[in-house]
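Reading through the structure tokens given below for one structure.
In the UniProt record's numbering, the protein residues as written are 1 to 191.
Encoded structure:
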């Protein structure tokens, strides 16, 4: 599976990507927002990840800039099966590329590929202290479910609250106060 967006090339990881992958994910600021990565994250971890077999229906891609020079690793995006068998979207962006819209661009492409392969009812989650990830999910059409789950991150060395999202419209909430769970979704107050 490959995809091109206006600024990115998304493709499966190759073994020669291991050094760049280890450097990008090994950054503690990236690693603390991941639930499935070992910590610390080194070259052997990247090689192990790249050697894993891939499910052809579930895109799991690295994202590279599309430049005139050599492509640079920006991040990764994919869909994996959660412990309960449900498809779940995950993504990460290397710190030098935060805030540039690459996560949204990569996640849109991966979701398009998943839908084309018949994958439905995808969910996603982000740590409560990472509101930028919630913004990405909203931009690609995910909605908060109102559920909070504790998830462990080796990069944090602890479990932390994750806000759970799903594709499409949010379920009807009984009371507006349920949105208090999503502090990152409140509009900023004018100063």
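Yeah, the Cβ is synthetic: ideal placement off N, Cα and C, and Gly gets one too.
Remember, predicted model here, so these are calculated numbers, not experimental data.
Less than 8 Å separates the beta-carbon of residue 144 from that of residue 165.
When DSSP states are grouped into helix, strand and coil, residue 54 belongs to the coil group. Comparing alpha carbon positions, the residue from 7, 58, 168 and 93 closest to residue 81 is 58.
With the rule of 3 Cβ pairs closer than 8 Å, the region 108 to 126 does not count as touching the region 68 to 75. Closest in alpha carbon position to residue 120, among 168, 84 and 92, is 168. Spanning the alpha carbons of residue 116 and residue 123 requires a straight line of approximately 17 Å. At a Cβ-Cβ threshold of 8 Å, residue 44 and residue 31 do not count as neighbours. Runs of the alpha helix (DSSP H) spanning 4 or more residues and lying entirely within the region 65 to 153 occur at 102 to 116 and 131 to 139, in chain order. Runs of alpha helix (DSSP H) with 4 or more residues, each lying fully within the region 18 to 46, are found at 18 to 25 and 28 to 31, listed in chain order. For residue 165, the pairing in a beta bridge is given by DSSP as 124 and 144. When C-alpha distances from residue 83 are compared across 136, 35, 138 and 28, the shortest belongs to 35. If you draw a straight line from the Cα of residue 138 to the Cα of residue 146, it is about 14 Å long. For residue 150, the CB contacts under 8 Å within the same chain, skipping 5 residues up- and downstream, are 159, 160, 161 and 162 in chain order. Residue environment: residue 153 is assigned as buried (16 or more neighbouring CB atoms within 10 Å of its CB, all protein chains considered). Its chain contains 40, 41 and 42 as the residues whose beta carbon lies nearer than 8 Å to that of residue 26, once the 5 sequence neighbours on both sides are disregarded; these appear in chain order. Annotated as distal: residue 46 and residue 10, with beta-carbon spacing of 8 Å or more. Our two residues, residue 93 and residue 118, have alpha carbons roughly 26 Å apart in a direct line.
Taking C-beta separations shorter than 8 Å and ignoring five residues to either side along the sequence, the partners of residue 99 in its chain run 132, following chain order.
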